[in-house]
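Q:
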Amino acid sequence: MRTALIWDERYKEHDIGKQKYISIDEFEMDSGLAFENPYRLSLAHELLEKTGLLNEMVSYRPDFATDEDLLKVHTTEMVEKVKKASKNKINTEVGEAAVSSPGSYEIALLSAGGAKKAIDVVFEEQDVKQSYALIRPPGHHATRTSPMGFCLFNNVAVAVEYAKEKFGLERILVLDWDVHHGNGTQDIFYQDPSVFFISIHQDKNYPLEGGEITETGELSGKGFNMNIPLIPGCGDQEYIEVIDQVVTPAVNTYKPQLIIVSAGQDANIYDPLSRMMVTREGFKKMTAKVKELAAIHCDSRLVVIQEGGYSLPYFPIATLGVVEGLLEESLSWQAEIEKLLPYSDFRPVIHPILDEIRKVFPTIFKELKV
Ligand SMILES: [Zn+2]
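At position 279 of the sequence shown the residue is numbered 279 (UniProt numbering), and the sequence of numbers has no breaks.
Spelled out as structure tokens, the structure:
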């Protein structure tokens, strides 16, 4: 079984430069390089190359997605807004914390196209069962009607609709472990039982509203949206506990035909945009667990699509962890920065959150002791 990597140098071309933001006391600050900058992914790709892991994968380049792909999950107004802004010679705000640079529309199409390619290869390429789409701009905050939170279009949502249509899938499970709530993906599939959406996130980080346990879906989508809002300080142990105790029973009940991971590595211990403590080892173990679930339910088909991750030194290392998990490989390589990981015996208490989730999803947890 082989693993595909989808990547394109052109992802660097979406570049909003510096990012100004307003601090709590409304003092305008210049943050320097934007958090979602072109270096994140190119550094990660370079590290995969230098550690030799890239050689063990099959590389693919994406095609551009089309307006038609986007319009399955977004409104015409939204798509036109980004298209128009992208023609400007200066950066243009297109949604809350979402900026288009000149030409960003095309790169966003290439990003969504990367997500589509990640679906194609696991169904059409011989021996390829897993794929990793190393794409940007990210997508999971983009709602049906608006770009948001560094995201222009919702790549995962585009991939889901594409997989449903082209390969006739009826049950897709999206596991979003980006540290921020996957509000956009939730919004798009909130009434859709053919997509079980699970978001593990730091409670009330971004967006400030939503991501509650009680948001479980609407109409026929009721019961197919699971939020797991964690308190700050969670690390490898807590994330594994969440996957074992909550995600695994949900997957086993739903029996998806495909698992897509909305993989933000921003729950990492050095991330500037969260307060979690996951390490490369944690990402490796989480990936290995999801891989086991895909082996049970999805003929081993597993698609990983890049979302956030903003520590320039550690994001590439956390990404290695995900790839090591996919390849069942343990590199002896250890970066200097990893040797400096602070030891902590602090363990946040998460069982009340997990107990609450069990109560809200009685069908999934009926046979489990609380
Ligand atoms: Zn994030």
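Ideal Cβ positions, reconstructed from N, Cα and C, are used throughout, including at glycine.
Please write down, chain order preserved, every residue whose beta carbon lies under 6 Å from a heavy atom of ligand 1.
A: Going along the chain, the residues that qualify are Asp-178, Val-179, His-180, Gly-264, Asp-266, Glu-307 and Gly-308.
Q: Tell me whether His-45 sits in a helix, a strand or coil according to DSSP, three-state version.
A: His-45 falls in the helix class under three-state DSSP.
Q: Three Cβ pairs or more, each shorter than 8 Å: is that satisfied between the segment 322-332 and the segment 140-159?
A: Counting Cβ pairs under 8 Å, fewer than three are found: no touch.
Q: Would you mind working out which of Asp-355, Glu-324, Phe-346 and Pro-348 sits nearest Glu-56, comparing C-alpha positions?
A: Checking every option, the nearest Cα to that of Glu-56 belongs to Glu-324.
Q: May I have a chain-ordered list of the alpha helix (DSSP H) segments no shorter than 4 residues that lie completely inside the segment 167-201?
A: Qualifying alpha helix (DSSP H) stretches, in chain order: 183-189.
Q: Residues in its own chain within less than 7 Å of Tyr-39 by CB, not counting five upstream and five downstream?
A: The answer, listed in chain order, is Leu-312.
Q: Going by DSSP in three states, Glu-245 sits in which element: helix, strand or coil?
A: Looking at the sequence itself, residue 245 is Gln, so the reference to Glu does not match. Gln-245: helix per DSSP, three-state reduction.
Q: Tell me whether Met-78 sits in a helix, a strand or coil according to DSSP, three-state version.
A: Note: Met-78 maps to helix in three-state DSSP.
Q: Just to check my reading of the structure: Gly-211 and Pro-193 have Cβ atoms closer than 8 Å, yes? What is that Cβ distance to the nearest angstrom?
A: Not really, about 20 Å apart at Cβ, beyond 8 Å.
Q: How far does the alpha helix (DSSP H) with Ile-16 in it reach, from first residue to last?
A: No alpha helix (DSSP H) contains Ile-16, which DSSP labels as neither H nor E.
Q: Buried or exposed: His-351, going by 16 or more other Cβ atoms within 10 Å of its Cβ?
A: Under this definition His-351 is an exposed residue.
Q: Is the number of C-beta pairs between the segment 95-102 and the segment 141-150 that are closer than 8 Å three or more?
A: Yes, the segment 95-102 touches the segment 141-150.
Q: For Leu-43 and Lys-366, what's the separation of their Cα atoms in angstroms?
A: Those two C-alpha atoms are separated by around 45 Å.
Q: Please tell me whether Ile-305 and Ile-135 are closer than 8 Å, where the distance is taken between their beta carbons.
A: Against a cut-off of 8 Å, the Cβ pair of Ile-135 and Ile-305 comes out as a contact.
Q: What residue does the beta strand (DSSP E) around Tyr-132 start on, and which one ends it?
A: 128-133 is the extent of the beta strand (DSSP E) around Tyr-132.
Q: Just to confirm the assignment: which complete beta strand (DSSP E) runs, minimum length 3, are found wholly within the segment 261-311?
A: Those beta strand (DSSP E) runs which fall completely within the segment 261-311 and span 3+ residues are 302-306.
Q: According to DSSP, is Pro-229 part of a helix, a strand, or is it coil?
A: Strand, per DSSP.
Q: Compute the Euclidean distance between the alpha carbons of Glu-161 and Ala-108, then round it to the nearest angstrom.
A: Their backbone Cα atoms lie some 17 Å apart in a straight line.
Q: In its own chain, which residues sit with a C-beta less than 6 Å from the C-beta of Glu-170, not counting the 5 before and 5 after it?
A: Only Ser-194 meet the Cβ criterion.
Q: Taking the alpha carbon of Leu-48 as the point to measure from, which residue in Trp-333, Ile-172, Asn-268 and Gln-202 has its own alpha carbon closest?
A: When each option's Cα is compared against that of Leu-48, the closest is Trp-333.
Q: Cα-Cα, which of Val-122, Arg-10 and Lys-83 is closest to Val-58?
A: Nearest of Val-122, Arg-10 and Lys-83 to Val-58, Cα basis: Val-122.
Q: Using only CA atoms, which one of Gln-245, Arg-280 and Lys-222 lies nearest to Asp-236?
A: That would be Arg-280, whose Cα lies nearest to the Cα of Asp-236.
Q: Could you check whether Gly-114 and Ser-86 sit closer than 8 Å to each other, using their CB atoms as the reference points?
A: Not closer than 8 Å, so no.
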